[in-house]
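Presented below is the structure to which this report refers.
Rendered as structure tokens:
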């Protein structure tokens, strides 16, 4: 089993790098270079390729070898990072990212999304039923560790490593991972997919999926359950940066500390579900805790945003702000694990031939919901102000609690 889990761990780790790069490292670097909150938030539009995984998933699934798809997509990610190393954005570039840099980041997400489809298919084919538990644990932990390395670990090295050196380091990691794919014995026995003769009827398939029991309600929930949390987690670190916390320290807490807390929250969610908690009752409890945590963070932000208040090196306010950051990631991890379990339960109600596609649809909608407000958060803050913006996030975090009351009995 170790011969299977080690390659999967390495590949899921590098798959987490683009997410950590663009959710933790890139916003802080761009804000430190003088970009407005609106332009920092709009950089999340570069996640767009992840929303179209269902478009090329049949191609990956029915053309060629998964080993070749994984090797080529991983090596391509290294190539894109190498090109980014020679094209750093200019200092003080308030007009936004250069078009070439934005285009390369878009290609980085495209390559990562293709790699994600191939890697998830690989895990399904490679793991035996008794290995699914350890395999899924490796998937979650390795992915989040990759996000830690790119979002926090590299940000802590910003004073030492320049933009070119950061991306050369990432390129080297990707090329090593591509070599691992080529050399791993467990991946050399994978069959070559045969082309499918069945025509793809995307609209008809979508209608069929949405007609499954509980699907419409679950789709609405996964689209909205992260709106308030995602908006707050996008802006609060940048607010702390503007109020005196250094870039390396913020990278440590918002990257390493926050993701560790998220992993602990995810693990706790899995443990509670294993102790026979049902997803819906557990969600009712943890969503209330999350709402309370965000209310505390919003109150803290209101106080820190008053004139003359600064986050000194050893103040209680500084500790409270960083603790609030980590607490929200802990609760976010707990909520996410429970929600993904609910999504899987909903997909299991579909016919076996459609379960994988059904789950991919829900996962795409879940990502769309997170990207929507994460992308618009900066523009909302610039236009409404932080006070109104965080009040809106608080209201949005309360909506899923009310929406749970409409859950169909098929999901109970």
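Numbering (this note's numbering), first residue to last: 803 to 1214.
We treat Cβ as the ideally placed atom computed from N, Cα and C, and that holds for glycine.
Review point. Looking at the C-beta of residue 833, does it have a partner C-beta in chain C at a distance below 7 Å?
Key: In the structure shown, chain C cannot be found, because there is only a single protein chain.
Point to revise | residue 915 vs residue 846 beta-carbon contact at 7 Å | key: Not closer than 7 Å, so no.
Practice item. Hey, could you find the ends of the alpha helix (DSSP H) residue 1147 is sitting in? Key: Start and end: 1118–1150.
Check your understanding: In angstroms, rounded to a whole number, what distance separates the CA positions of residue 1139 and residue 1073?
Key -> Those two C-alpha atoms are separated by around 10 Å.
Review point. Does DSSP put residue 761 in a helix, a strand or coil?
Key: For the chain, the structure presents residues 803 to 1214; residue 761 sits outside this window and is missing.
Review point. Got a sec, what are the start and stop residues for the alpha helix (DSSP H) residue 983 sits in?
Key: If you look at residue 983, you'll find it in the alpha helix (DSSP H) that goes 965–985.
**Study point:** Collapsed DSSP secondary structure at residue 1016 in the structure displayed
**Key:** If DSSP states are grouped into helix, strand and coil, residue 1016 belongs with coil.
Check your understanding: What's the gap between the Cα of residue 946 and the Cα of residue 918?
Key -> Residue 918 has its alpha-carbon roughly 14 Å from the corresponding atom of residue 946.
Review point. Taking the alpha-carbon positions, what's the residue 1071 to residue 971 distance?
Key: C-alpha separation (whole angstroms): 34 Å.
Review point. Between the C-alpha atoms of residue 983 and residue 809, what's the straight-line distance to the nearest angstrom?
Key: The alpha-carbon of residue 983 is positioned some 7 Å away from that of residue 809.
Review point. With a CB to CB cut of under 7 Å and the five nearest residues on each side skipped, what residues in its chain are close to residue 873?
Key: So the list reads 980, 983 and 984, once near-sequence residues are dropped.
Check your understanding: Is residue 917 helix, strand or coil when you go by DSSP?
Key -> Residue state, collapsed to three classes: helix.
Practice item. Please report how far the alpha carbon of residue 948 lies from the alpha carbon of residue 1069, in whole angstroms. Key: Taking the straight line from one Cα to the other gives about 17 Å.
Review point. Skipping 5 residues on each side, what residues in its chain have a beta carbon closer than 6 Å to that of residue 1029?
Key: 1175 and 1198, listed in sequence order.
Check your understanding: Between residue 1007 and residue 1035, what straight-line distance do the alpha-carbon atoms span, to the nearest angstrom?
Key -> When rounded, the distance between both Cα atoms is 35 Å.
Point to revise | Three-state class that DSSP yields for residue 934 in the structure shown | key: Any reading at residue 934 must be qualified, since the residue scores a pLDDT of 46, below 50, and its modelled position is unreliable; the value itself is stated next. Here DSSP, grouped into helix, strand and coil, assigns residue 934 to helix.
Review point. By how many angstroms is the C-alpha of residue 1172 removed from the C-alpha of residue 823?
Key: One C-alpha to the other measures close to 16 Å.
**Study point:** Same chain, Cβ closer than 8 Å to residue 1019, five either side skipped, listed in chain order
**Key:** Only 1208, 1209, 1210 and 1213 meet the Cβ criterion.
Check your understanding: To the nearest whole angstrom, what separates the beta carbons of residue 1144 and residue 1085, a pair I think is in contact under 8 Å?
Key -> That belief holds up - the Cβ atoms of residue 1144 and residue 1085 are roughly 7 Å apart, short of 8 Å.
Review point. Is it the case that the Cβ atoms of residue 1067 and residue 1135 are separated by a distance below 7 Å?
Key: With a cutoff of 7 Å on beta-carbon distance, residue 1067 and residue 1135 are scored as near each other.
Point to revise | Cα-Cα separation between residue 1178 and residue 1106, rounded to whole angstroms | key: Cα to Cα, residue 1178 sits roughly 23 Å from residue 1106.
Check your understanding: What are the boundary residues of the alpha helix (DSSP H) that includes residue 1061?
Key -> It spans 1060–1076 - the alpha helix (DSSP H) in which residue 1061 sits, taken as one unbroken run.
Point to revise | Cβ-Cβ separation, residue 832 to residue 842 (assumed contact under 8 Å), whole Å | key: Between residue 832 and residue 842 the Cβ distance is about 5 Å, and since that is below 8 Å, they are a contact.
Check your understanding: Based on Cα-Cα distance, which residue from 875, 902 and 876 lies nearest to residue 887?
Key -> The shortest C-alpha separation from residue 887 is found at 902.
**Study point:** Beta-carbon proximity list for residue 1082, same chain, < 8 Å, skipping 5 on both sides
**Key:** So the list reads 1144, 1206, 1209, 1213 and 1214, once near-sequence residues are dropped.
Practice item. Please name the residue in 1054, 869, 852 and 907 whose C-alpha comes closest to that of residue 1163. Key: Here the closest residue by C-alpha is 852.
Point to revise | Buried/exposed call for residue 1109, threshold 16 Cβ in 10 Å | key: Label assigned to residue 1109: exposed.
Review point. For residue 820, which three-state DSSP category applies?
Key: Helix at residue 820.
Exercise for review: Check the C-beta distance from residue 913 over to residue 875 and give it rounded, since I have them as a contact under 8 Å.
Suggested key: At roughly 5 Å, the Cβ-Cβ gap stays under 8 Å, so residue 913 and residue 875 are in contact.
Practice item. Report yes if the C-beta distance between residue 1012 and residue 1160 is below 7 Å; otherwise report no. Key: No, the pair does not count as a contact, with Cβ atoms beyond the cut-off.
Point to revise | Cβ neighbours of residue 1097 in the same chain (closer than 7 Å, five flanking residues each side left out) | key: Counting only Cβ-Cβ distances below 7 Å, and skipping sequence neighbours, we find 1196.
**Study point:** Closest by C-alpha distance to residue 968, when choosing among 1133, 1044 and 882
**Key:** Among 1133, 1044 and 882, the Cα nearest to that of residue 968 is on 882.
Exercise for review: Could you please give the first and the last residue of the uninterrupted alpha helix (DSSP H) stretch that includes residue 1044?
Suggested key: For residue 1044, the enclosing alpha helix (DSSP H) stretches over residues 1029–1044.
Point to revise | Nearest candidate by alpha-carbon position, reference residue 1044, set 909, 1062, 1120 and 950 | key: When each option's Cα is compared against that of residue 1044, the closest is 1120.
Exercise for review: Could you name the residues of the same chain whose beta carbon sits closer than 6 Å to that of residue 944, not counting the 5 residues immediately before and after it, in chain order?
Suggested key: Take residue 944, set aside five residues on each side of it, and the residues of its chain with a beta-carbon closer than 6 Å to its own are 811, 814 and 815, in chain order.
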